[in-house]
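Engineer: Here it is: the structure, laid out below.
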Amino acid sequence: NTLNLIKAMVAADVRQLVFSSTAAAYGMPEDGIPPITEDMPKAPINPYGASKLMSEIMIRDMAAAHGLNAVILRYFNVAGADAKGRVGQSTPNATHLIKIVAEVITGKRDSMAIFGDDYDTPDGTCVRDYIHVSDLASAHLGALEYLEQKPGAEVFNLGNGNGFSVLQVIQAAQQVVGREIPYQVQDRRAGDPPVLVADSSKAKEVLGWSPAWTDLEQIVASAWNWHKNPAFS
Numbered sequence: 204n205t206l207n208l209i210k211a212m213v214a215a216d217v218r219q220l221v222f223s224s225t226a227a228a229y230g231m232p233e234d235g236i237p238p239i240t241e242d243m244p245k246a247p248i249n250p251y252g253a254s255k256l257m258s259e260i261m262i263r264d265m266a267a268a269h270g271l272n273a274v275i276l277r278y279f280n281v282a283g284a285d286a287k288g289r290v291g292q293s294t295p296n297a298t299h300l301i302k303i304v305a306e307v308i309t310g311k312r313d314s315m316a317i318f319g320d321d322y323d324t325p326d327g328t329c330v331r332d333y334i335h336v337s338d339l340a341s342a343h344l345g346a347l348e349y350l351e352q353k354p355g356a357e358v359f360n361l362g363n364g365n366g367f368s369v370l371q372v373i374q375a376a377q378q379v380v381g382r383e384i385p386y387q388v389q390d391r392r393a394g395d396p397p398v399l400v401a402d403s404s405k406a407k408e409v410l411g412w413s414p415a416w417t418d419l420e421q422i423v424a425s426a427w428n429w430h431k432n433p434a435f436s
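Heads up: take any position in the sequence shown, counting from 1, add 203, and you land on my numbering.
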């Protein structure tokens, strides 16, 4: 489908593309190398990451061959909701951690699972980089401005640059709602890296972008405000 889209763009003389890629393109980073920069090895370990990386390669090749301008944005863990409550994550079967936490709080789930508490991290649970969806949106605006000036294809990581563990997310949610969130520790899932944290300095320097939502409790609170409001969720 990506190839079909690019062919249609060439045929219609549409020259600019912003592509949503993923940190899953990096696969399982080697121990000791976070934060992750754009030039680190790409070795996806699941079909989602592999398909995104394949699309990146096609976009780069088509940019070189046909003069397309493209910005490829590798998202880390997107979280939160619009501060004004206009939009939020409503995907029914989403597996994002903060959404699962919200579903436990609202009673849609009895409890939640933590997959492994024996990783080489401060509290034993996986560490991830959570970027607020509003910061993601502002990065896209910066990407569009960049496309007006720069030819070719360029890749940028989008993350907060801060890593938070699964337990830290649960604790932040408990602070926001003022009550305990039940969970059970289960076995590790195959293919879960201990730590995934972005180095987004390239996006900051080149796109002039910087995340405004850096506090974990604020990110969780924005998601909770969306999920608890029946008019929007």
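Just so you know, even glycine gets a beta-carbon here, dropped at the ideal spot from N, CA and C.
Return the chain-ordered list of same chain residues with a C-beta closer than 7 Å to the C-beta of Ile-248, the five sequence neighbours on each side being excluded.
Structural biologist: So the qualifying residues of the chain are Gly-230, Met-231, Gly-394.
Engineer: Count the other CB atoms, across all protein chains shown, that sit within 10 Å of the CB of Glu-351; report buried if there are 16 or more and exposed otherwise.
Structural biologist: Exposed.
Engineer: Could you give the uninterrupted runs of the beta strand (DSSP E) lying entirely in the segment 393-421, keeping only those of 3 residues or more?
Structural biologist: Taking only runs of at least 3 residues, no beta strand (DSSP E) segment lies wholly in the segment 393-421.
Engineer: Spatial neighbours of Asn-272 within its chain, please: C-beta separation below 8 Å, excluding the five flanking residues on both sides.
Structural biologist: Cβ neighbours of Asn-272 beyond the five flanking positions: Arg-218, Gln-219, Leu-220, Ala-266, Leu-350, Lys-353, Pro-354, Gly-355, Ala-356.
Engineer: Give the single residue among Ile-384, Val-388, Gly-345 whose Cα lies nearest to the Cα of Lys-407.
Structural biologist: Closest option to Lys-407, Cα to Cα, is Gly-345.
Engineer: The beta strand (DSSP E) that contains Asp-159, what's its start and end?
Structural biologist: The shown model of the chain, from 204 to 436, leaves out residue 159, and the question about it has no answer.
Engineer: Which residue or residues does DSSP assign as beta-bridge partners of Leu-276?
Structural biologist: Bridge partners of Leu-276: Ser-223, Phe-359.
Engineer: For Gln-387, which residues does DSSP report across the bridge?
Structural biologist: DSSP, once it has assigned bridges, lists Ala-316 as partnering Gln-387.
Engineer: For the beta strand (DSSP E) that Gly-252 lies in, which residues bound it at each end?
Structural biologist: No beta strand (DSSP E) holds Gly-252; the alpha helix (DSSP H) holding it covers 250-269.
Engineer: Examine the Cβ distances between the segment 247-261 and the segment 313-330 and report whether three or more of them are shorter than 8 Å.
Structural biologist: At 8 Å Cβ cutoff, the stretches do not touch.
Engineer: Smallest Cα separation from Phe-318: which of Val-372, Pro-325, Ile-308, Cys-329?
Structural biologist: Checking every option, the nearest Cα to that of Phe-318 belongs to Cys-329.
Engineer: So Ile-239 and Val-400 are supposed to be a Cβ contact under 8 Å. How far apart are they, rounded?
Structural biologist: Right, the Cβ-Cβ distance comes to about 7 Å (below 8 Å), so this counts as a contact.
Engineer: With 16 as the cutoff for other CB atoms within 10 Å, does Val-290 come out buried or exposed?
Structural biologist: Counting Cβ neighbours within 10 Å, Val-290 comes out exposed, since fewer than 16 surround it.
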